[in-house]
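What follows is a short report on a single structure.
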Amino acid sequence: MLPTSLFLALNVAWLALELWLGLRRKSGGDARHDAGTLRLLHMAIYPAIALAVFIAFHRNGRLPESWHVPLLWAGSGLIAAGLALRLWAIRTLDRFFTVDVRIHDGQELIGHGPYRHLRHPSYTGALLAFAGLAAGLGNGVSAGVLLVPVIAAFVVRIRVEERTLAAAFPHSFPAYARQRRRLLPGLW
Numbered sequence: 000m001l002p003t004s005l006f007l008a009l010n011v012a013w014l015a016l017e018l019w020l021g022l023r024r025k026s027g028g029d030a031r032h033d034a035g036t037l038r039l040l041h042m043a044i045y046p047a048i049a050l051a052v053f054i055a056f057h058r059n060g061r062l063p064e065s066w067h068v069p070l071l072w073a074g075s076g077l078i079a080a081g082l083a084l085r086l087w088a089i090r091t092l093d094r095f096f097t098v099d100v101r102i103h104d105g106q107e108l109i110g111h112g113p114y115r116h117l118r119h120p121s122y123t124g125a126l127l128a129f130a131g132l133a134a135g136l137g138n139g140v141s142a143g144v145l146l147v148p149v150i151a152a153f154v155v156r157i158r159v160e161e162r163t164l165a166a167a168f169p170h171s172f173p174a175y176a177r178q179r180r181r182l183l184p185g186l187w
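Numbering-wise (numbering that gives the first Met the number 0), the sequence shown opens with residue 0 and increments by one.
Structural data, given as structure tokens:
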């Protein structure tokens, strides 16, 4: 019962964090740079989660029962790690963090904390949490239904955000981008 309770508690904490961010961290200003990517993320994430959870309760794609508890533990670990990284990234950006793509007056490129190694550690954290949810559901079909649209939406969001950063910091962003990967150290 403990792995199931932990998995559920972490998902509730994750949901609470995202709701709080959505309510408190919207820029309230000019979000024209966002190019609809916040809406795209919502359109990808919510249906993908609903469908993945629905599919997980059916036999098709269900992984062996002996994997259930290890997958719950792994999923919980991934969610916890993802939330920790996401919170660290948000705290590092401080007042510059918003849920929509926007450049603030006086904003600068951040190169410390998790931004020392990654350009988008908050997204890496979110994707780790999604991978944890996929693992904890214990269903291969659910994992695909959840991760494919979510990853695709984040890739679109990253491209829009990087175009915005490159336009706002034309002299420093190219070097900044060469020094760190987008989501995965050493890979992408």
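Where is the CB? At the ideal position from N, CA and C, for every residue including glycine.
CA-to-CA distance, residue j to residue i, given in whole angstroms
i	j	result
asparagine 138	alanine 12	22 Å
leucine 40	proline 63	31 Å
leucine 170	valine 52	Per the sequence presented here, residue 170 reads as histidine, with leucine not at that position. When rounded, the distance between both Cα atoms is 45 Å.
histidine 111	threonine 91	8 Å
proline 173	histidine 67	45 Å
tyrosine 114	proline 120	7 Å
arginine 85	leucine 16	10 Å
alanine 251	aspartate 93	Nothing can be reported for residue 251: it is not among the residues displayed for the chain, which extend from 0 to 187.
asparagine 59	leucine 14	27 Å
isoleucine 102	glutamate 161	11 Å
alanine 55	alanine 125	21 Å
phenylalanine 129	tyrosine 45	12 Å
histidine 57	leucine 183	33 Å
arginine 118	isoleucine 157	9 Å
leucine 1	alanine 80	18 Å
arginine 38	leucine 22	15 Å
leucine 18	alanine 49	17 Å
asparagine 10	serine 65	22 Å
leucine 20	alanine 8	18 Å
valine 147	leucine 186	18 Å
threonine 3	alanine 88	28 Å
Residue i (DSSP reduced to helix, strand or coil)
i	result
arginine 162	helix
arginine 58	coil
leucine 182	coil
leucine 117	strand
Short Cβ contact (8 Å threshold) for residue i with residue j
i	j	result
glycine 135	leucine 82	no
leucine 145	alanine 47	yes
arginine 179	histidine 116	yes
glutamine 106	phenylalanine 95	yes
valine 154	threonine 36	no
leucine 108	tyrosine 175	yes
valine 140	alanine 43	no
Cβ neighbours of residue i in the same chain (closer than 7 Å, five flanking residues each side left out)
i	result
glycine 74	Phe6, Gly131, Leu132, Ala134 and Gly135
leucine 164	Phe172
tyrosine 122	Phe153, Ile157 and Leu182
histidine 168	Position check: residue 168 holds phenylalanine in this sequence, whereas histidine was assumed. Hits under 7 Å: Leu108.
arginine 61	Gly137 and Asn138
Spatial neighbours of residue i in its chain, beta-carbon cut-off 6 Å, leaving aside the 5 residues before and after
i	result
alanine 142	Ala133
aspartate 33	Asp99 and Val100
Cβ-based neighbour list, residue i, same chain, cut-off 8 Å, excluding 5 preceding and 5 following
i	result
alanine 151	Ala43
Which parts of the stretch 67-105 are runs of the alpha helix (DSSP H), unbroken and 4 residues or longer, counting only runs that do not cross its ends? 67-92
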